[in-house]
Amino acid sequence: MPHDKLQTTITGSLPKPVWLCEPQKLWSPWRLEGDALLEGQQDAVRLVLQDQERAGIDIVSDGEQTRRHFVTTFIERLAGVDFQQTRTMRIRDRYDAQVPVVTGRVERKAPIYVETTRFLRSQTQRKTKFTLPGPMTMVDTLYDEYYRSRPKLAAAFAWILNAEAREIAAAGIDVIQFDEPAFNVFFDEVRAYGIDTLEQAAEGLPCKSAVHICYGYGIKQNTDWKKALGSEWRQYEQTFPLLQKSKIDQISLECHNSKVPIELIDLLKGKDVLVGAIDVTTEQIETPEEVAATLNAALRYVQPEKLFPCTNCGMVPLSRTVALEKLKALSAGAAIVRQSLA
Ligand code: ZN
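Residues 99 to 440 (my numbering) make up the sequence shown, in order.
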């Protein structure tokens, strides 16, 4: 029976099987090619769906089994971006990365994930969610030699994302989420064009739209950054009032084990809130009681129908066993809270 309160979901990624690529590694290259790769990815989607369903996740995803990276795998399929040449660029204002170069007008020549979403839809009876990169985060993962303007490039990506998202929604997906970790870094840009381009990407969708904003995976660059953020992380305080006024339906945020003051959720009145109750930066499995405590704290600011227990971020860097146990803890924690509400 689907739940009407505290419907559990995940941010996006899950670990991939060892035969598909080397585990516990970001950007891990594929171990298969051509038709074998496609078949392997579909088998992996079947496995992560089974894991999520058995663990009691209500709104399931493909676990991002068909992409190496949440931003670049999308950009790779677009015209106008040259992956043969790369530049070193500081990304998220935090670390240097080798990024591809925008050399011409960016264009989506063909659907990117639409086949994947059709396959996802055909393999489960549950509600489904699919993730796409957000326009501002895409801009922050490229060197731009053509537009020479972050707002202009973001607007171009927003149109492309909207075309893709409309086709994904038509395939029967219930929630389309745009990942915007850059929203936690460039506050003036969020205000200037980030919200507008995000809304443009989600324009006219017949399904729910969501945005995920987090403090990232447990890589050293992120943990060092978090240490420098002080005793209270108040970044959301800048963006939540803008998102509250936006047309985006759901906001996904990081809570458990973070220094985010939980009362910032109050700034999202009226929105669905995806509360991160699982830490993705540690192999330690949360107890159901810990999950319940996070959800109960959030319940002071959001109604149970609008609270969606979730992970803090993607789980791709974890081992499969740990990720599965964390999913089980998430639904067990949600069940404790549901029972106390009944
Ligand atoms: Zn995240």
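C-beta atoms are modelled at their ideal positions from N, C-alpha and C, and glycine is treated no differently.
Backbone secondary structure at residue i - three-state DSSP
i, result
"Ile157", "strand"
"Gly292", "helix"
"Asp102", "coil"
"Glu330", "coil"
"Leu230", "strand"
"Thr107", "strand"
"Met413", "coil"
"Pro113", "coil"
"Gln401", "coil"
"Gln336", "helix"
"Val212", "helix"
"Pro436", "The sequence given here has Arg at residue 436, not Pro. Correct three-state label for Arg436: helix."
"Ala134", "helix"
"Lys357", "coil"
"Leu303", "coil"
"Gly444", "No answer is possible for residue 444: the residues shown for the chain start at 99 and end at 440."
Of the residues the options, the one placed nearest residue i, counting alpha carbons only
i, options, result
"Ala195", "Thr201, Arg203 and Arg185", "Arg185"
"Pro249", "Thr201, Asp364, Asp286 and Phe228", "Asp286"
"Cys119", "Gln437, Tyr291 and Ser417", "Ser417"
"Gly444", "Gly138, Gly132, Leu425 and Met236", "Examination of residue 444 is not possible in this model, given that the chain is present from 99 through 440 alone."
"Val371", "Gly412, Gln275, Val283 and Ser438", "Gln275"
"Trp331", "Asn282, Leu393 and Glu384", "Asn282"
"Glu174", "Glu388, Leu104, Leu112 and Phe255", "Phe255"
"Trp323", "Leu176, Ile189 and Thr164", "Ile189"
"Val414", "His101, Lys114, Leu147 and Arg436", "Lys114"
"Gly412", "Glu423, Arg436 and Asp377", "Asp377"
"Val288", "Gly132, Met234 and Pro100", "Met234"
"His167", "Arg224, Asp277 and Ser429", "Asp277"
"Pro121", "Thr419, Pro100 and Thr380", "Thr419"
"Arg224", "Arg129, Ala261 and Val273", "Val273"
"Arg264", "Phe217, Asp160 and Phe228", "Phe228"
Residue i to residue j span [Cα, whole Å]
i, j, result
"Tyr315", "Glu352", "11 Å"
"Gln319", "Lys123", "15 Å"
"Gln182", "Pro198", "7 Å"
"Val116", "Ala421", "14 Å"
"Val158", "Val200", "34 Å"
"Tyr244", "Ser126", "30 Å"
"Asp156", "Gly178", "38 Å"
"Ile210", "Pro279", "22 Å"
"Glu403", "Lys357", "25 Å"
"Pro339", "Ala326", "24 Å"
"Glu151", "Ser247", "44 Å"
"Thr239", "Pro407", "29 Å"
"Leu439", "Gly368", "20 Å"
"Arg192", "Ile311", "16 Å"
"Val169", "Ala390", "32 Å"
"Ile349", "Glu361", "15 Å"
"Thr215", "Glu388", "33 Å"
"Gln163", "Gln139", "6 Å"
"Pro231", "Phe172", "8 Å"
"Ala269", "Lys103", "26 Å"
"Leu259", "Gly374", "25 Å"
"His101", "Asn410", "21 Å"
"Glu381", "Val237", "32 Å"
"Val212", "Ser329", "43 Å"
"Ala290", "Glu297", "13 Å"
"Lys343", "Leu365", "10 Å"
"Ala433", "Ala142", "28 Å"
"Leu112", "Asp242", "31 Å"
Strand pairing of residue i, partner residues [DSSP]
i, result
"Trp128", "Cys119"
"Val200", "Val179 and Asp242"
"Ala308", "Gln275 and Gln348"
"Phe255", "None; Phe255 has no bridge partner."
"Val373", "Leu351 and Pro407"
"Arg224", "Note: Arg224 sits in no beta bridge, so no partner."
"Tyr193", "Ile189"
"Glu205", "Ala177"
"Thr184", "Pro198"
Interface flag, residue i vs chain D, CB-CB below 7 Å
i, result
"Ala430", "The question asks about chain D, but that chain is absent: this structure has only one protein chain."
Touching by the beta-carbon criterion (3+ pairs, under 8 Å), the segment 198–216 and the segment 328–338: Because the criterion of three Cβ pairs below 8 Å is not met, the segment 198–216 and the segment 328–338 do not touch.
Touch test, the segment 298–317 against the segment 393–401, Cβ-Cβ under 8 Å, three pairs minimum: By the Cβ rule, the segment 298–317 does not count as touching the segment 393–401, because fewer than three pairs are nearer than 8 Å.
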